[in-house]
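So the protein lines, in turn, are chains A and B.
Heads up, the first sequence is in the working numbering, so the first residue is 1 and it goes up one at a time.
Heads up, the second sequence is in the working numbering, so the first residue is 461 and it goes up one at a time.
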Amino acid sequence: MVQILDVMKKALEGKPMSETDYQLKSFASTVQRLVKEHGIKFDPKNPIPTDNSLSNDVFKAAVELVVEVGAYCTDTSRVISFTEAEVKNALRTAPDKIHLGEGKDRKALRPRKPEDKTPPWCMLGAGGGACSSDRSFLTLVEGYAEIPETNAITTPAITRVGGMRIRPASPLELLGAMRNAVFAREACNRAGRQGIPIMNSLATAESDIALAAAVHPKYGMRTSDGYMICCMDPMKVDFNRLNKVTIVLSMGAPVGMCFGPLMGGYASGPEGTAVSSTAHHLMGILAYQSSWLLPFPLHLRYVSSSSREMLWLISATGQAISRNTHLLSLNLNYTSAGPCTPMCLFETSASVMSAVVSGQSIESTGVASNKDEDRTTPVEPRISAEVAHAVAGMKRADANEIAKKLLAKYESKLSDPPKGKMLFECWDPETRRPSKEYQKIVSKFKKEIGDLGIELRPEP
Amino acid sequence: MTDQKIFNELKNAVLSYDADAAVKATKSAIQAKANPMELIEKALVPAIDKVGDKFEKMEIFLPDLMLAADAVKASTSLLLPLIPKGGKGVKATVVVATVQGDVHEIGKNIVASMLMARRFNVIDMGVDVKTSDLIEEAKKQKAKVICASALMSSTLGSQKDIVDFLASTGDRKKFAVLIGGGPTSQKWADEIGADGWGKDANDAVRLTEKYDKRK
């Protein structure tokens, strides 16, 4: 079994290579060759594929990609190679469930299959999006914790401490990460969900030293929380990330590797990016020692995951993983449009449906590309979770037809989406409810999506 | 070899993302006494413009763009020394980097490739570049423009540090500081006193062209 010391040995003794050669000559060209060899084709007419052989081809190509190109350590400029036997052994021994949370909020995150009736795990919140103030952080997380479907929280990132903007790996980042831990727990306490796990621990801790500082028990972090470490695209590690892995493993907590392969980036089009995203799952359980995986593939131009190609690649990846492994995979989706717009709600519905019917659980929502501070509310993840529960058990073929109708509602606006409103313009922190304007939009949206075949609970 | 055949060979090398072929075609062209400036203007520029358009429309993807830019760079490295000083072969020097504390490189690579393709002398310092090192290099290279990318909300502050450092050392007017990256905006550029914000790579090239023309 590959353990962290083995990863370090491979990082220190692997084949020397420049980063550019790894990315362009090794990774990019191998992905393209494997896509051709396995005959993997994106079908724009069917955004949610139903052909099981496609998912098998994507999976086989992903295994071959990991074995052929390995991961890359930017600190040693060496390739971290894995044999096929190591990949298969890691797949066999990876956890098939993990328990997260405390008390009545302690639940098991389990793998799902395509068209599975099991409700997906809903990790809800901001997806690490930035917030401008302590007030907006607490308002958002309290709102997330109140969503009935919330299994785990994904907090925003804090950007300022003492009026100063955070600087990487500085005391400001350490203090911000500590504040992230304390406020996240406090907001959950206020909602009466003391045991709920915070699963993107810790969004504000980009550096290893900030994570190490903020996981001190006095700030409220627990081993039953989820610890997310972000992989650099494509399949790269550095000592900062391996340090974080070592810290989390030493706590006995579950590492979750997140990764955001760009459609249009090193893996090229939707086919290559589906292979890359699937391969990252395998690389994650090896190099990052992950117990759970969090893909957030993004469109290079739109910086969102709701376009036709993105729905296809989310589904192709989800099916490749869920049909061929028992890995715990949660897809994080980004919208192009912002809060208080129908488009944002239709986008998140389409991406979430694609992931859930393909056998994944979800993290949601990166709103309006997660670009602006405070351009997010608790409404978007709530809608995502309602959709996620509503489509569990839906046939892929039915979801495919609904996806086409959803795309028709927003596809033409992806290059110039409505940015919507900011948190406090459409969410009342006192009543913890959306503004009247947003409430109307949600009610109308629910009627329209109900007409398409996704019945959501009536608005109060 | 006719001029047209020479131009086509070089153009095709770029369009097939092949730096070795570009070098070979450039050497043959030089041997055939082709005009280096014409080779740049009639072969390299139209070829890389076509590649840029295809990338913009997502008909091709990042690896092709980077390889095409490499092919142009390989060719211009042979052609530019043959152009008399004061000629219009090469544009300003631009220092490109991802800021201190940030290791995201894709956006920075796209900008560097597009600038390279448009004949800027691009000094790509890579990722997680210390503010003082970036400025030192810009001074050493007599750069006109600094392009600083940040993808994380936690690393935006490093863009501000570049502007502040230049102001503190009295060097602010020596360089145009352009910023870009996921969480950046015109508002942020205005707030920190940057000279421009590129919402994408094309915007970054447009702004760099603008500041190249300034004295």
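Ideal Cβ placement from N, Cα and C applies to all residues, glycine included.
**Request:** Within 10 angstroms of the Cβ of Gly70 of chain A, are there 16 or more other Cβ atoms? Answer buried if so, exposed if not.
**Result:** Taking the first sequence and counting its residues from 1, one reaches residue 70 of chain A at position 70. By the neighbour-count rule (16 or more Cβ atoms within 10 Å), Gly70 of chain A is buried.
**Request:** Closer than 9 Å by beta-carbon distance: list the chain D residues that pair up with Ala187 of chain A, in chain order.
**Result:** In the structure shown, chain D does not exist; the protein chains are A and B.
**Segments of 3+ residues assigned as beta strand (DSSP E) that fall wholly inside the stretch 47–122 of chain A** = 71–73, 78–80, 98–100 and 107–109
**Asked** At what residues does the beta strand (DSSP E) containing Glu363 of chain A begin and finish?
**Response** Reading the first sequence from its first residue, position 363 is the one you call residue 363 of chain A. Taken as a continuous stretch (DSSP letters only), the beta strand (DSSP E) holding Glu363 of chain A covers Ser361 to Gly366.
**Cβ neighbour criterion (16 or more within 10 Å) applied to Arg92 of chain A** = Numbered from its first residue, the first sequence carries residue 92 of chain A at position 92. Exposed, since its Cβ has fewer than 16 Cβ neighbours within 10 Å.
**Prompt:** With 16 as the cutoff for other CB atoms within 10 Å, does Met1 of chain A come out buried or exposed?
**Reply:** As a first step, residue 1 of chain A is located in the first sequence; it is residue number 1 there, counting from the start. Flag for Met1 of chain A reads exposed.
**Message:** Check whether chain B comes within 8 Å of Val303 of chain A, counting only Cβ atoms and requiring the distance to be less than that.
**Reply:** Against the first sequence, residue 303 of chain A aligns to sequence position 303. Residue contact with chain B for Val303 of chain A: present (Cβ-Cβ distance below 8 Å to some residue of chain B).
**Request:** Enumerate, from N- to C-terminal direction, the unbroken beta strand (DSSP E) stretches of 3 or more residues contained entirely within the stretch 221–260 of chain A.
**Result:** Scanning the stretch 221–260 of chain A for uninterrupted beta strand (DSSP E) segments of 3 residues or longer gives 227–230 and 255–259, listed from N- to C-terminal end.
**Asked** Is any beta-carbon of chain A found at less than 8 Å from that of Val563 of chain B?
**Response** Here residue 563 of chain B refers to the residue found at position 103 of the second sequence. Yes, Val563 of chain B counts as interfacial toward chain A.
**Interface partners of Leu24 of chain A on chain B, CB under 7 Å** = For the purposes of this step, residue 24 of chain A is taken as the residue at position 24 of the first sequence. What Leu24 of chain A touches in chain B: Pro523, Met526 and Leu527.
**Asked** Count the other CB atoms within 10 Å of the CB of Pro381 of chain A; is the residue buried (16 or more) or exposed (fewer)?
**Response** On the first sequence, residue 381 of chain A is found 381 positions in, with the first residue counted as 1. Pro381 of chain A counts as buried, since at least 16 other C-beta atoms from the protein chains shown sit within 10 angstroms of its C-beta.
**Asked** Where do the N-terminal and C-terminal ends of the alpha helix (DSSP H) with Tyr302 of chain A fall, by residue?
**Response** As a working mapping, residue 302 of chain A is identified with position 302 in the first sequence. Segment: none, Tyr302 of chain A is in no alpha helix (DSSP H) and carries neither H nor E.
**Request:** Check whether the stretch 429–445 of chain A touches the stretch 127–145 of chain A, taking contact to mean three or more Cβ pairs, one atom from each stretch, closer than 8 Å.
**Result:** yes
**Message:** For Ser55 of chain A and Ala390 of chain A, what's the separation of their Cα atoms in angstroms?
**Reply:** The residue labelled residue 55 of chain A in the question sits at position 55 within the first sequence. The residue labelled residue 390 of chain A in the question sits at position 390 within the first sequence. In this structure, the alpha-carbon of Ser55 of chain A lies about 24 Å from that of Ala390 of chain A.
**Request:** Would you grab the beta carbon distance between Ser277 of chain A and Thr317 of chain A for me? Rounded to a whole angstrom, and I think it's under 8 Å.
**Result:** Position 277 of the first sequence, counted from the start, is the residue given in the question as residue 277 of chain A. Position 317 of the first sequence, counted from the start, is the residue given in the question as residue 317 of chain A. Their Cβ separation, rounded to whole angstroms, is 4 Å, which keeps Ser277 of chain A and Thr317 of chain A in contact under 8 Å.
**Request:** Using a Cβ cut-off of 8 Å (strictly closer), state whether Arg461 of chain A contacts chain B.
**Result:** Given that chain A is displayed from residue 1 to residue 460, the structure contains no residue 461 of chain A and the question cannot be resolved.
**Message:** Between the alpha carbons of Lys371 of chain A and Cys607 of chain B, how many angstroms are there, rounded?
**Reply:** Position 371 of the first sequence, counted from the start, is the residue given in the question as residue 371 of chain A. Position 147 of the second sequence, counted from the start, is the residue given in the question as residue 607 of chain B. Spanning the two alpha carbons is a distance of roughly 19 Å.
**Item:** Bounding residues of the alpha helix (DSSP H) (the contiguous stretch that carries Val505 of chain B)
**Value:** Numbered from its first residue, the second sequence carries residue 505 of chain B at position 45. Val505 of chain B -> alpha helix (DSSP H) spans Val505 to Glu516.
**Item:** Range of the contiguous alpha helix (DSSP H) that encloses Asp584 of chain B
**Value:** Residue mapping note: residue 584 of chain B aligns to position 124 of the second sequence, counting from 1. Segment Asn581 to Asp584 is the beta strand (DSSP E) holding Asp584 of chain B; no alpha helix (DSSP H) there.
**Message:** Check whether chain B comes within 8 Å of Tyr266 of chain A, counting only Cβ atoms and requiring the distance to be less than that.
**Reply:** The sequence position of residue 266 of chain A within the first sequence is 266, counting from 1. Interface residue, yes.
**Prompt:** Expressed to the nearest angstrom, what Euclidean distance is found between the alpha-carbon atoms of Pro643 of chain B and Glu519 of chain B?
**Reply:** Counting from 1 along the second sequence, the entry for residue 643 of chain B is found at position 183. Counting from 1 along the second sequence, the entry for residue 519 of chain B is found at position 59. Their backbone Cα atoms lie some 26 Å apart in a straight line.
**Item:** Boundaries (first-last residue) of the alpha helix (DSSP H) holding Ser645 of chain B
**Value:** Numbered from 1 along the second sequence, position 185 holds the residue referred to as residue 645 of chain B. Counting along the chain, Ser645 of chain B falls outside any alpha helix (DSSP H), and DSSP gives it neither H nor E.
**Prompt:** How long is the line joining the alpha carbons of Pro417 of chain A and Cys131 of chain A, rounded to whole angstroms?
**Reply:** To locate residue 417 of chain A, count along the first sequence from 1; it is residue 417. To locate residue 131 of chain A, count along the first sequence from 1; it is residue 131. Pro417 of chain A and Cys131 of chain A: Cα-Cα distance of roughly 21 Å.
**Asked** How about Glu206 of chain A: is its C-beta nearer than 8 Å to some C-beta of chain B?
**Response** Within the first sequence, the letter at position 206 stands for residue 206 of chain A. Closer than 8 Å: yes.
**Asked** Nearest to Arg674 of chain B by alpha carbon, out of B:Glu516, B:Ala479, B:Phe635 and B:Asp660?
**Response** Along the second sequence, read from residue 1 onward, the residue named residue 674 of chain B stands at position 214. The shortest C-alpha separation from Arg674 of chain B is found at B:Phe635.
**Request:** Label Leu12 of chain A either buried or exposed according to how many other C-beta atoms from any shown protein chain fall within 10 Å of its C-beta, with 16 as the threshold for buried.
**Result:** Within the first sequence, numbered from 1, the residue matching residue 12 of chain A stands at position 12. That one is exposed.
**Item:** Selection from A:Glu347, A:Ala355, A:Ser361 and A:Phe27 that minimises the alpha carbon distance to Glu411 of chain A
**Value:** Here residue 411 of chain A refers to the residue found at position 411 when the first sequence is read from its first residue. Considering only alpha carbons, the answer is A:Glu347.
**Asked** Given Asn243 of chain A, which residues of its chain have a CB within under 7 Å of its CB, disregarding the five upstream and five downstream residues?
**Response** Mapped onto the first sequence, residue 243 of chain A falls at position 243. These residues qualify, in order along the chain: Asp208.
**Message:** For Val245 of chain A, tell me which candidate among A:Leu202, A:Lys218, A:Asp116 and A:Pro234 has the shortest Cα-Cα distance.
**Reply:** Counted from its first residue, the first sequence places residue 245 of chain A at position 245. Residue A:Leu202 is the option with its Cα nearest to Val245 of chain A.
**Message:** I'd like to confirm the pairing. Which residues does DSSP put opposite Asn331 of chain A in its beta bridges?
**Reply:** Here residue 331 of chain A refers to the residue found at position 331 of the first sequence. Answer is A:Ile362, bridged to Asn331 of chain A.
**Request:** Would you kindly check if the distance between the Cβ of Thr159 of chain A and the Cβ of Asn200 of chain A is under 8 Å?
**Result:** Your numbering for residue 200 of chain A matches position 200 in the first sequence. Your numbering for residue 159 of chain A matches position 159 in the first sequence. Going by C-beta atoms, Asn200 of chain A is not nearer than 8 Å to Thr159 of chain A.
**Request:** Would you mind giving the Cβ-Cβ distance between Pro295 of chain A and Ser329 of chain A, rounded to the nearest angstrom? I have them listed as a contact below 8 Å.
**Result:** Start at 1 with the first residue of the first sequence, and residue 295 of chain A comes out as number 295. Start at 1 with the first residue of the first sequence, and residue 329 of chain A comes out as number 329. Contact flag correct, Cβ pair sits at about 7 Å.
**Asked** Grouping DSSP H, G and I as helix and E and B as strand, with all else coil, what is Gly264 of chain A?
**Response** One-based indexing of the first sequence puts residue 264 of chain A at position 264. When secondary structure is reduced to three states using DSSP, Gly264 of chain A falls in the coil class, being assigned neither helix nor strand.
**Asked** According to the Cβ coordinates, are Leu327 of chain A and Pro148 of chain A closer than 8 Å?
**Response** Numbered from its first residue, the first sequence carries residue 327 of chain A at position 327. Numbered from its first residue, the first sequence carries residue 148 of chain A at position 148. With respect to the 8 Å criterion, Leu327 of chain A and Pro148 of chain A are not classified as neighbours on the basis of their beta carbons.
**Prompt:** Of all the CB atoms in chain B, is at least one closer than 8 Å to the CB of Leu262 of chain A?
**Reply:** For this step, residue 262 of chain A is matched to residue 262 along the first sequence. By this cut-off, Leu262 of chain A is an interface position.
**Asked** Nearest-angstrom Cα distance between Gly653 of chain B and Lys620 of chain B?
**Response** The count along the second sequence starts at 1 and reaches residue 653 of chain B at position 193. The count along the second sequence starts at 1 and reaches residue 620 of chain B at position 160. Approximately 8 Å, taken between the alpha carbons.
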